[in-house]
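The numbering used here puts the first residue of the sequence shown at 18, with every later residue one more than the last.
Where a beta carbon is used, it is the ideal one built from N, C-alpha and C, also for glycine.
Predicted model, so just to flag it, every value in this text is computed and none were measured.
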Amino acid sequence: MSIKSDRWIRRMAQEEGMIEPFEAGQVRENEKGRIISYGTSSYGYDVRCSSEFKIFTNVHSATVDPKNFDPNSFVDITDDYCVIPPNSFALARTVEYFRIPRSVLTICLGKSTYARCGIIVNVTPLEPEWEGHVTLEFSNTTNLPAKIYANEGVAQMLFFESDEVCETSYRDRGGKYQGQTGVTLPKT
18 MSIKSDRWIR RMAQEEGMIE PFEAGQVREN EKGRIISYGT SSYGYDVRCS SEFKIFTNVH
78 SATVDPKNFD PNSFVDITDD YCVIPPNSFA LARTVEYFRI PRSVLTICLG KSTYARCGII
138 VNVTPLEPEW EGHVTLEFSN TTNLPAKIYA NEGVAQMLFF ESDEVCETSY RDRGGKYQGQ
198 TGVTLPKT
């Protein structure tokens, strides 16, 4: 298994539609000035989160249960940023839609810019032949409110290609998060 370079990422995105929309370089500014970077890096791809957020709330005193998740545990927000309450979390989705090749495993890691502020992105694998917008989980580990910016870099994807294709892919086994397009809550 080998980690894939910027050249491979560009080729797979442009020829195979692996990442859409795709940014071939590293974007560090927009019309408003400096931003948290996104796009192709040396050995990965920095993704952006969309402006759709689900912020955890305890207003209804629900129990967090992955087998019986109460959607009332979240407040939906659409904005240029999201403020996560102290010691809480929020969900978002990537701007980018992914189509992972059968011989590739992709790992999502948080960006150090956010980690240095106490904001952690859950490490999430994208399995071979998984497809969709990635639901991102942000934990605010601080005792202060924390801000996440939409349409700016929030996490990095690393691509590992195997010498052989897997016997059973995510698509083959009918994975429950296959083809997700919005911020997706837990399923069993």
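Leaving aside the five residues that flank E33 on each side, the residues in its chain whose CB is nearer than 8 Å to its CB run, in chain order, R116 and P118.
In this structure, V171 places its C-beta atom within 9 Å of the C-beta atom of F155.
Take the alpha-carbon of E46 and the one of Y166: they are about 14 Å apart. Between V200 and V64, the gap from beta carbon to beta carbon reaches 9 Å or more.
Burial is judged here by how many other beta carbons sit within 10 angstroms of a residue's own beta carbon; S90 has at least 16 and is buried.
At a Cβ-Cβ threshold of 9 Å, N157 and P203 do not count as neighbours. Here the C-alpha atom of R28 lies approximately 23 Å from the C-alpha atom of C66.
Across the structure, E113 and I53 are spaced so that their CA atoms are roughly 16 Å apart. A direct Cα-Cα distance of roughly 6 Å separates W147 from Q195. In this structure, G56 lies near E40, with their beta-carbon atoms less than 9 Å apart. Excluding the 5 residues flanking it on each side, S19 has same chain C-beta neighbours closer than 8 Å at F177 and E178, in chain order. P142 is bridged by DSSP to I124.
By the neighbour-count criterion, in which 16 or more other beta carbons inside 10 Å mark a residue as buried, Q173 falls on the buried side. Listed in chain order, the non-local C-beta contacts of S78 below 6 Å within the same chain number zero, local neighbours out to five positions each way being set aside. Closest option to A107, judged by alpha-carbon separation, among K21, N168, T74 and D87: T74. Contact between V138 and L153 holds: CB atoms are separated by about 6 Å, below the 8 Å threshold.
By the neighbour-count criterion, in which 16 or more other beta carbons inside 10 Å mark a residue as buried, V121 falls on the buried side. Distance from the CA atom of G192 to the CA atom of I36, rounded to whole angstroms, is 20 Å.
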